[in-house]
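What follows is a short report on a single structure.
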Ligand code: ZN
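See the structure below:
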């Protein structure tokens with residue numbers, strides 16, 4: 047008889063425990079839907095949009111090996127004797143190589159082998175590359191413009207009516223790199239120069255408009271291969287201080 051009573055008590059106790067558990071769960075769900083708990087805020091924080099890029103690079107750059115950035119396959123670590131840390135040139139290369147769709151480059155002097163390789167790599171990867179440069183400087187020894195053209199990259203240049211003296215790049219129509227730096231080893235390793243890297247829609251749009259304006263001005267369809275006399279005189283007056291590039 048006691049055996050039967052004990053069984054009944056156990057059954058009642060089990061039922062009450064189940065009911066208590068259900069009430070606790072319902073209460074917890076109710077609370078979590080009305081006031082989000084910490085994990086909800088953490089999930090929102092993780093999904094927040096990234097902050098816009100704002101970076102300043104100063105030159106001369108520390109001389110470092112940038113092979114790991116430029117090599118398509120990095121199976122073995124580079125064994126060269128150069129330091130392998132951060133540098134302004136390394137940061138610039140990293141920003142350039144982040145391009146996925148387009149690179150619009152407007153640069154007065156372009157002879158840096160590393161930057162030349164980076165632009166060539168982007169072209170190989172299918173990034174749409176356009177280059178605007180200066181007629182006089184693109185013809186100098188060491189200029190990368192010839193090899194970029196041979197690789198199939200579109201290059202346009204001025205027609206002797208003053209230097210094309212800009213130094214800016216626009217990546218994927220959303221990131222602007224601009225400043226005093228010419229893309230030469232001399233400037234990168236010896237000169238005091240600056241670059242601003244900024245993800246600002248208004249600035250990017252203004253620079254893009256300027257790029258498109260120049261791109262159209264330098265359309266080969268408008269080239270005059272027999273310049274007027276005054277333009278020839280103007281060209282003679284230009285001096286090219288190569289050591290200051
Ligand atoms: Zn190395």
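Numbering (this note's numbering), first residue to last: 47 to 291. We put the beta carbon where it would ideally sit given N, CA and C, even for glycine. All values reported here derive from a predicted model rather than from experimental measurement.
Within the stretch 116-154, the complete beta strand (DSSP E) segments at least 3 residues long are 148-153, listed from N- to C-terminus. The secondary-structure analysis by DSSP pairs residue 223 across a beta bridge with 215, 243. By DSSP's assignment, residue 203 forms a beta bridge with 179.
Going by beta carbons, residue 215 and residue 135 fall outside the 8 angstroms limit. Exposure of residue 83 is indicated by the presence of fewer than 16 other C-beta atoms within 10 angstroms of its C-beta. Per DSSP, the continuous beta strand (DSSP E) segment holding residue 102 begins and ends at 100-105. For residue 169, the enclosing alpha helix (DSSP H) covers residues 159-170. In the DSSP assignment, the residues bridged to residue 229 are 156.
Between residue 115 and residue 139 a beta carbon distance of about 5 angstroms is seen, short of the 8 angstroms cut, so the two are scored as contacting. The alpha-carbon of residue 253 is positioned some 8 angstroms away from that of residue 222.
Annotation for residue 229: 153, 156, 158, 161 place their beta carbon closer than 6 angstroms to its own, counting only its chain and skipping 5 residues before and after. Apart from the 5 residues on each side of it in sequence, residue 130 sits with its Cβ closer than 6 angstroms to the Cβ of 111 in its chain, given in chain order. When the alpha-carbon of residue 176 is set against those of 186, 262, 201, the nearest one is in 201.
Residue pairing by DSSP places residue 174 opposite 148 in a beta bridge. Counting only the Cα atoms, residue 203 lies some 8 angstroms from residue 265.
Rounded to whole angstroms, residue 185 and residue 143 show a C-alpha spacing of 26 angstroms. When the Cα atoms are used, residue 117 and residue 141 turn out to be separated by approximately 15 angstroms. With a cutoff of 7 angstroms, residue 128 counts as near the ligand ZN, since its C-beta is closer than that to a heavy atom of the ligand. Here residue 191 is not near residue 149, since their CB atoms are 8 angstroms or more apart.
Look at residue 114 here: in three-state DSSP terms it is helix.
Around the beta carbon of residue 133, 16 or more other beta carbons lie within 10 angstroms, which makes this residue buried.
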